[in-house]
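What follows is a single structure, written as structure tokens, with notes after it.
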Amino acid sequence: MISQYYNLRRRIALWRTSQKPSLVYPLSPGKVKALFVMTGLMGDTIMSIPAVIAFRENYPDAKITVLATSKSQELLSMVPAIDDFMVCDHSPFPLNPSKVFMAKELEREIKSRKFDVAIVLLGDDFVPMLTRAEIPIRVGVKENIFSRLLSHAYAIGSPETWGPEERLGAIRCLEIETKDASHYLKNEPLALPYLGEKLRGAGVETTESFVVLHPFGRKKHQWMPPGMAVALVYQIQQKLGMKPLIVSDSMEQASGLLGLIQPNTPHLVGNLSVPELAAVMKRSRLVISTDSGPMHLAGALGVPTVGVFRAIRTEHANRYPSVKSIWSDGMGCNMCDWNRCQVNPCRQLKAIKVEDIINAAQDMD
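Plus 71 on top of the position in the sequence shown (first one is 1) and you've got this note's numbering.
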């Protein structure tokens, strides 16, 4: 029902939004005002950062503003190329009446800033709003219902497999030359003065080697089965000789697992911002994650990482040189889609052996 609602709202928005005449030539050099829309998930946001960097390299005097969610703003605060943020944690087609007013306020704010160009990397549903805000140059995805409202369009191909190179198309379609997408996050807040204190409070001394373990995910089918996670915590200590540091967004996710493991096992559950998580990863010897978001973050930072994934979600398995991904072979899930699992715990994750995770970790030394 929810998907049907949003599909209907998109058709209505397209019908009600008149297309404004748009410039079809490149941006003039100088101090342009650019709005990037990046309201996606962590992994997608990380893969889109090279497009912002490329724009900054070609327009060093530009004022770059990013429309982001609260969570993606935390992540993007580590990107020096960005000058300013506008935060929106709801759809431009909200169900909640109070958020309808907030969406209208956001549109008025965007219009008042008189941006020269809007580049939609993540958040295609904002295209009608950007059109009504009279931004003359609007760049977005070609394979989208709102493509006729754009002045410039770029192709990303399959939603399952696109990466940084495809998002660089948003810059290249403006006739701007870009390098290949080889950018790694330069995590400026690594020297957070209180980070050592936070680690010690969790039970990890600054001189100790530790493994960041993220056995959860945004959806439950991304969660490592509890028995596997308990065994992995033990094997990290016994086979790798390091402390496991469990991280997660919320205690709601981790409470069940924390009740099964030794009480003194270090954890920073629900206690890290994204820059802090990045800084902790950078200090660790290894990251193990069942969630692609932390995997992308660790990979972009160049931290040795073992990704533990379903066999039907391996599209980004080899994207980062520092990441080794493992999955169960030969186990089809005919009832499951590429982006959702109908069985909990996931049969493909359950079939992976803890021994294989430890072996992959040892191979990375």
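Glycine is no exception: its CB is placed at the ideal position from the N, C-alpha and C atoms. All values derive from a computational prediction rather than experimental measurement.
Are the beta-carbon atoms belonging to residue i and residue j less than 8 Å from one another?
i: alanine 241; j: valine 198; result: no
i: alanine 105; j: phenylalanine 156; result: no
i: methionine 200; j: glutamate 176; result: no
i: leucine 420; j: methionine 295; result: yes
i: leucine 339; j: leucine 316; result: yes
i: leucine 256; j: leucine 372; result: yes
i: valine 103; j: valine 188; result: yes
i: phenylalanine 287; j: isoleucine 190; result: no
i: alanine 431; j: lysine 395; result: yes
i: leucine 98; j: isoleucine 208; result: yes
i: isoleucine 428; j: valine 379; result: yes
i: leucine 79; j: threonine 116; result: no
i: arginine 81; j: isoleucine 216; result: yes
i: aspartate 320; j: glycine 341; result: yes
i: threonine 140; j: aspartate 160; result: yes
Can you check DSSP and say which residues form a bridge with residue i?
i: tyrosine 225; result: Val212
i: valine 191; result: Val108
i: isoleucine 317; result: Leu284 and His338
i: valine 358; result: Val283 and Thr376
i: isoleucine 429; result: Per DSSP, none; premise fails for isoleucine 429.
i: lysine 424; result: Answer is none; lysine 424 lacks a bridge partner.
i: valine 394; result: Thr376
Report the residue from the options whose alpha carbon sits nearest the alpha carbon of residue i.
i: serine 360; options: Gly228, Arg184, Ala133 and Val377; result: Val377
i: serine 222; options: Ile307, Glu205 and Glu231; result: Glu205
i: aspartate 251; options: Val283, Gly312 and Ile124; result: Ile124
i: tyrosine 77; options: Asp195, Arg271, Asp132 and Pro207; result: Asp195
i: leucine 284; options: Val318, Pro264 and Lys269; result: Val318
i: arginine 203; options: Ser183, Cys159, Lys213 and Thr110; result: Ser183
i: glutamate 347; options: Tyr265, Asn129 and Leu98; result: Tyr265
i: proline 337; options: Gly364, Arg271 and Ser393; result: Arg271
i: glycine 364; options: Arg354, Lys170 and Ala349; result: Ala349
i: lysine 142; options: Gln293, Leu245 and Arg289; result: Arg289
i: leucine 138; options: Met109, Leu147 and His161; result: Met109
i: valine 351; options: Thr88, Gly267, Gly341 and Cys417; result: Gly267
i: leucine 331; options: Lys310, Leu343, Pro392 and Tyr305; result: Tyr305
i: serine 162; options: Gly111, Ile135, Asn129 and Ser148; result: Gly111
i: leucine 446; options: Ala224, Thr232 and Trp233; result: No statement about residue 446 is possible, as the shown extent of the chain runs from 72 to 436 and does not include it.
i: methionine 113; options: Gly101, Asp132 and Gln144; result: Gln144
i: glycine 101; options: Asn129, Arg354 and Ile181; result: Asn129
i: leucine 220; options: Thr88, Arg418 and Lys424; result: Thr88
i: methionine 313; options: Gln433, Ile247 and Thr136; result: Gln433
i: methionine 435; options: Lys134, Asp132, Val158 and Pro392; result: Pro392
Original post:
Given 8 Å as the limit, is there contact between the stretch 299-306 and the stretch 230-246, that is, 3 or more CB pairs closer than that?
Top reply: no
Original post:
Just checking, does the stretch 106-122 make contact with the stretch 137-157 on the three C-beta pairs under 8 Å criterion?
Top reply: Taking 8 Å as the limit for Cβ pairs, the verdict is that the stretch 137-157 does touch the stretch 106-122.
Original post:
Does the count of Cβ pairs from the stretch 392-400 and the stretch 265-278 closer than 8 Å reach three?
Top reply: no
**OP:** Please determine if the stretch 224-235 and the stretch 158-176 are in contact, where contact requires at least 3 C-beta pairs separated by less than 8 Å.
**Re:** no
**OP:** At 4 residues or longer, and completely inside the stretch 124-211: list those alpha helix (DSSP H) runs for me, N to C.
**Re:** 141-147, 168-183 and 198-203
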